[in-house]
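Undergrad: Below you will find the structure I want to go over with you.
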Amino acid sequence: MFSLQRLWGKEDRIFELLEESARQAQTSGHALLKFLQNPRATDTIDEFVLSRRAEKRIRADISLALSSSFSTPLEPEDIVALSIVLSKIPKNVQKIAERILSATHLVQGVELHRQVVNLGKA
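Counting along the sequence shown from 1, when you hit position 73 you're at 1386 in my numbering, and nothing is skipped either side.
Structure (structure tokens):
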């Protein structure tokens, strides 16, 4: 995986948390792909919930790390903005899955595989 630490040449807890947040976003994308293969499987919805809870915990850890750090490699506002954007991915993926589950008859025949694969790659 692409390492933000190597990009800026500095090891920092904030970068570790941002990378963990990106992994959660990727995990939710993979869970959506698995969900689309079998929308009626209830265990896949649990994966979305777990990913979103983990993302909330990571976001709280980022806020804590920012408040306890005197200097950060990036502006704190930029770190918070990136954290917010990354946290929206699992949230939106979960909402997509819930809507597909509630209206399965409306999405039959609609091909979403390519978009979900691109989400996982991003």
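Yeah, the Cβ is synthetic: ideal placement off N, Cα and C, and Gly gets one too.
Counting C-beta neighbours from all protein chains within 10 Å, is the total for residue 1362 16 or more, i.e. buried, or is it exposed?
TA: Taking the first residue of the sequence shown as 1, we reach residue 1362 at position 49. Its Cβ having fewer than 16 others within 10 Å, residue 1362 is exposed.
Undergrad: Just the Cα atoms here: how many angstroms apart are residue 1379 and residue 1411?
TA: To locate residue 1379, count along the sequence shown from 1; it is residue 66. To locate residue 1411, count along the sequence shown from 1; it is residue 98. Their Cα atoms are separated by approximately 33 angstroms.
Undergrad: Indicate the three-state DSSP secondary structure (helix, strand or coil) for residue 1374 in the structure shown.
TA: On the sequence shown, position 61 is the one that residue 1374 refers to. Looking at residue 1374 - three-state DSSP - the assignment turns out to be helix.
Undergrad: Do you know how far the Cα of residue 1367 is from the Cα of residue 1428?
TA: The residue you call residue 1428 lines up with position 115 of the sequence shown. The residue you call residue 1367 lines up with position 54 of the sequence shown. Answer to the nearest angstrom: the Cα atoms are 24 angstroms apart.
Undergrad: Out of 1418, 1397 and 1421, which has the shortest C-alpha to C-alpha gap to residue 1338?
TA: One-based indexing of the sequence shown puts residue 1338 at position 25. The candidate whose alpha carbon is nearest that of residue 1338 is 1397.
Undergrad: Among the residues of its own chain, which have a CB less than 6 angstroms from the CB of residue 1389, if the five just before and after it don't count?
TA: Looking up residue 1389 in the sequence shown gives position 76. Excluding sequence neighbours, residue 1389 sits near 1379.
Undergrad: In the DSSP assignment, find the unbroken alpha helix (DSSP H) run with residue 1403 in it and report its ends.
TA: For the purposes of this step, residue 1403 is taken as the residue at position 90 of the sequence shown. Note, residue 1403: alpha helix (DSSP H), 1389 to 1415.
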